[in-house]
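Read through the structure below, which is laid out as structure tokens, and then see the notes.
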Amino acid sequence: MFIPLHDRNSLRHIRMQYVTIGLILTNALVFAFTNMLVPESVIQASVYGLGFIPAVVFDYAALDPSLAIVPPDATLITYAFLHSNLMHLGSNMLFLWVFGDNVEDALGHVRFLLFYLACAAAGALFHGLVGPTSQSPLIGASGAVSGIVAAYLMLHPKVRVWVLVLFRFPLPLPAFLPLLFWIGQQFVMLAIDGEGEVSWGAHVGGIIAGALLVVFMRRRGVPLFDRTIVTPKAVEHRQVAPLTTPVAPPSPPRQTVHWGR
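Numbering-wise, the UniProt record's numbering puts 60 at position 60 of the sequence shown, and it's gapless, one number per residue.
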């Protein structure tokens, strides 16, 4: 188990990660409105009205019209902006903060936003395929964030990332070590705990989508796997010894003039 703290990976194409910051603020505001500023009945209504319910989306069940807020297909996106508690919100936003900026840098602002939403939808769909008749609402940005983690691994596996290992030991590690471990854990947990409270299926769906989409959505010229773009070395111009043309008047001697290039 690890917690990402910071990466040594400067931005190359954008001045600031506006979309990443905007997504974090949006998630925080939605959490405040749906969990802290309204009564319990409204909280439950928002979970059922905006959360992704596989049985409803796949027409195995119908949602009470009094709970419907958006069309069922729209919950493929809206579910990703709801969180159950501060720890749920905080963990997702921490991963988004540490890894989102460099993925946004590699894709550009608009494509990064589309990428984020596509990974959220892919996470919901994979969760639905695992349990198509489930009537439990899925909420949380984990699917979208999982896609970002996969994209970061595809782009920057060698970058040093400071992580808190076992909640106690801060270590700078190459990104591929903690991220491959984390991704592998999601697949293992899906296999052994597919019906638990955590939707490992949403994580796996986001991972698969993120790894595929970053290949096609990244900026032209942005390499994968930390490969640098090799450019020819500058041609070295060998200096030629300057020509010396002496001028010899009688007296006093004049300074020699050097002609050269």
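No residue lacks a Cβ here, since even glycine has one placed at the ideal position from N, Cα and C.
- Where residue 54 is concerned, the enclosing alpha helix (DSSP H) starts and stops at 54–57.
- When the five nearest sequence neighbours on each side are left out, the beta carbons in the same chain lying within less than 6 Å of the beta carbon of residue 89 are those of 31, 83, in order along the chain.
- The beta-bridge partner set that DSSP reports for residue 162 consists of 6, 172.
- Here residue 125 has 76, 205 as same chain residues with Cβ atoms under 8 Å from its own Cβ, once five neighbours each way along the sequence are excluded.
- Between residue 122 and residue 143, the CB-CB gap stays under 8 Å.
- When DSSP states are grouped into helix, strand and coil, residue 212 belongs to the helix group.
- At a Cβ-Cβ threshold of 8 Å, residue 171 and residue 163 count as neighbours.
- Here the C-alpha atom of residue 19 lies approximately 16 Å from the C-alpha atom of residue 10.
- When rounded, the separation of the alpha-carbon atoms in residue 58 and residue 50 is 16 Å.
- Shown here, residue 138 sits in a strand according to DSSP, grouped into three states.
- Our two residues, residue 106 and residue 120, have alpha carbons roughly 19 Å apart in a direct line.
- Secondary structure of residue 225 (DSSP, three-state): coil.
- With 16 or more other Cβ atoms from the protein chains shown falling within 10 Å of its own Cβ, residue 190 counts as buried.
- Within the same chain, and ignoring the five residues on either side of residue 72 in sequence, the residues whose Cβ sits closer than 8 Å to its Cβ are 53, 56, 57, 63.
- Between residue 141 and residue 207, the gap from beta carbon to beta carbon reaches 8 Å or more.
- A Cβ-Cβ contact shorter than 8 Å links residue 23 with residue 116.
- Inclusion of residue 209 and residue 118 in the CB contact set at 8 Å is warranted, their separation being smaller than that value.
- Annotation: the continuous alpha helix (DSSP H) that includes residue 78 extends over 75–78.
- Under the three-state reduction of DSSP output, residue 13 falls in the coil class, being neither helix nor strand.
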